[in-house]
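*Asks:* full-length UniProt numbering numbers the first residue of the sequence shown as 1 and each following residue consecutively.
Ideal Cβ positions, reconstructed from N, Cα and C, are used throughout, including at glycine.
Source: prediction; values computed, not measured.
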Amino acid sequence: DLKHGYGCFQFASGAVYTGQWFEGKMHGQGTYTYADGQQYTGEFDRNLKSGFGSHKYVSEDQWDGVWVTDEPHGSGMFIFAQTGLRVESHFIIAGDPLPQPGKTNTATRTLRREDKLKIIGDGEDSAIAARSVADNAAQVSAEARKLTTKILDDTAKLLGLIEDE
């Protein structure tokens, strides 16, 4: 008995899928709600997110865009729930992690790719949020440079290339 047509199914994990089925697989339009509360609404191709869809994470952050073989790909927009900051991107490829607030590597990644990102929003709040991302990136970058210099200096001292001060 293969699921076929439109229906709702609850998995043993607690996840629920409501949408189109084809030969026993999620295929077509549907909504998949994970047991932890995350939710993807959009297109599926043989059980994989594929096509346009919206994924809302536990943090309430959201990625709206194109998916290929279960990964975000191509054009899309990441919306930070806490600040309302919207980052539109035309470059994210399969396997490239999405920006995640609170992660130090996010700010430096965003800063390095600023020519490919466009921060969208109205009013002063958007400008403040954008400045905050840039300030965090600069701080992380400065700390990384200090740490790298210390490691190189310590290694050089250990090898006897430079003397202790």
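1. Buried or exposed: L85, going by 16 or more other Cβ atoms within 10 Å of its Cβ?
2. Taking H27 as the reference, which of S50, W67, M77 and F78 has the closest Cα?
3. Please state whether the Cβ-Cβ distance between Y40 and Q20 is less than 8 Å.
4. Mind checking H4: buried by the 16 CB within 10 Å criterion, or exposed?
5. Could you please give the first and the last residue of the uninterrupted beta strand (DSSP E) stretch that includes K56?
6. Can you find the residues in the same chain that come closer than 6 Å, C-beta to C-beta, to Y32, ignoring five residues on each side of it along the sequence?
7. Out of D45, V58 and Q82, which one is the CA nearest neighbour of E23?
*Replies:* So, to answer that:
1. buried
2. S50
3. no
4. exposed
5. L48 to K56
6. Y17 and Y40
7. D45
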